[in-house]
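So the structure is just underneath, and the comments pick up after that.
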Amino acid sequence: MSTTISVRPLTKFDETQGYRGSMVNFGAEVIGADLDNLSAQDFAVIERALEDHQVLVIRGQQHMAPASQVKFALAFDPSAECTIHHHGDVSKNALNKSHLLGGNTPVPGLPQLHVIGNGTIHDHYGIESFKLKHPSHADFHATAPPLGNTRYYRWHIDAALYDKFPPRVTTFRTVQPVNNPAKPPIQTLSYDDGSGDEIAMPVGATAYVSGYTAFELLPVELKEWALRTKVLYPPHPYAWAGKCKAESTGCTLVSEGKEVPLDELPPWEEERLTVLPLVWRNPLTCRPSLQLHGIVASAFVTKNPDGSETTMDDLPRVRERILELMRPAVGPEYVLAVKGEAGDLLVWDNWTLWHSVMSNLDGDDPGDLRIMHQCNLAASYPPEAWSPSS
């Protein structure tokens, strides 16, 4: 049985729909897929394309049923925890509902699928009314960009980082893209870190960088250190960091002593803490990918050549190291940004990419309405460390 699906690299964009840095070597679009009625053969084509391209824009899913999106996400890891979104029920924990996680709501009857975006929705798949809140650097960054500019909100992998493994993939369907005729479709994204880096970004896009590239860009000494290092995350990391502010590139936090003390967090257990390799082995390609959530990482543990271990847990030093690891890979030449048209479903490999939201949107302006459906499921197995023998 033949397939009607075609896959082609994302090589260029209309400037209002996306941005592709000069050194980007990932990303593709998929034409002809029916995700409501996906055959095993067609899924195999998509799975292979994701392995090759890391993020796919699957066109033409305007009428996709919400349950089909959950089923599609589960197909990449059939044993994944499939009864709820990987962050769990955020609404039941006031501390977790910080600026890092709040502002979205599940589809009734489908707790695995969250509606995220900006503005007020009405009569949406059983949701009578809800005001979505777009994450903004204005709420989270320690400093402000030049007036009218935007920033990366936070570079991250999708992961609860407590008691659950990071999802293998994230699926992200555009129901309503931002299309405000009263405002310019482009905003200047500024790094504001002394580099002078800026990008003209389409409003409402999501930015991506490759963990493969991030690892390749490291100097030899830092690569060797990274391969011997694990990342420690605190209990309930988003509550722990809920009062903190980010530095201007969105890679990590500024150190102001605002982390919530461990004894003031919701109840937690030592055995449920997350410790992950810094460099992950892709289970399909066996390639090394630098995967780090620099916003909530709290320590590094490095195995020394003599078998002993060294712990780096001084937060200012940890965050200096995070910038050493992450900042090169988020330079303009390595960034891919996709806005998405109505009906586009993006699926990305959460074990080889980092991503960030951006753009300045007004929650009270109907023209800035943005509606997205997101599904990612806690993986059934943890990522493994990459080694030269992999």
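556 is the number that the working numbering gives the last residue of the sequence shown; the numbers go up by one with no jumps. Virtual Cβ for every residue (Gly too), placed ideally from N, Cα, C.
- Collapsing the DSSP output to three states places T249 in coil.
- The beta carbons of L279 and P232 sit closer together than 8 Å.
- Distances from the CA of I537 to each of V196, G269, A210 were compared; the closest alpha carbon is that of G269.
- Annotation for R438: Y328, D329 place their beta carbon closer than 7 Å to its own, counting only its chain and skipping 5 residues before and after.
- Burial is judged here by how many other beta carbons sit within 10 angstroms of a residue's own beta carbon; Q540 has at least 16 and is buried.
- Annotation for L355: no alpha helix (DSSP H) segment contains it, though the beta strand (DSSP E) segment containing it runs 352-356.
- T415 and N315 have their C-alpha atoms some 13 Å from each other.
- Assignment of M492 by DSSP, reduced to helix, strand and coil, places it in the helix class.
- Secondary structure of Y185 (DSSP, three-state): strand.
- With respect to the 8 Å criterion, T418 and R317 are not classified as neighbours on the basis of their beta carbons.
- Taking C-alpha positions only, V426 is separated from R174 by approximately 46 Å.
- P549 and K349 have their alpha carbons spaced roughly 43 Å apart.
- In this structure, the beta-carbon distance from W552 to V441 does not fall below 8 Å.
- By the criterion of a C-beta distance shorter than 6 Å, D359 is surrounded in its chain by S414, T415, once the five residues flanking it on both sides are discounted.
- DSSP lists I537 as the bridge partner or partners of Q342.
- In this structure, the beta-carbon distance from A544 to F238 does not fall below 8 Å.
- The Cβ neighbour count for E436, taken over all protein chains shown within 10 Å, is under 16; the residue is labelled exposed.
- Counting the other Cβ atoms within 10 Å of the Cβ of L313 gives fewer than 16, which makes it exposed.
- As the crow flies, the alpha-carbon of V420 is around 22 Å from that of H300.
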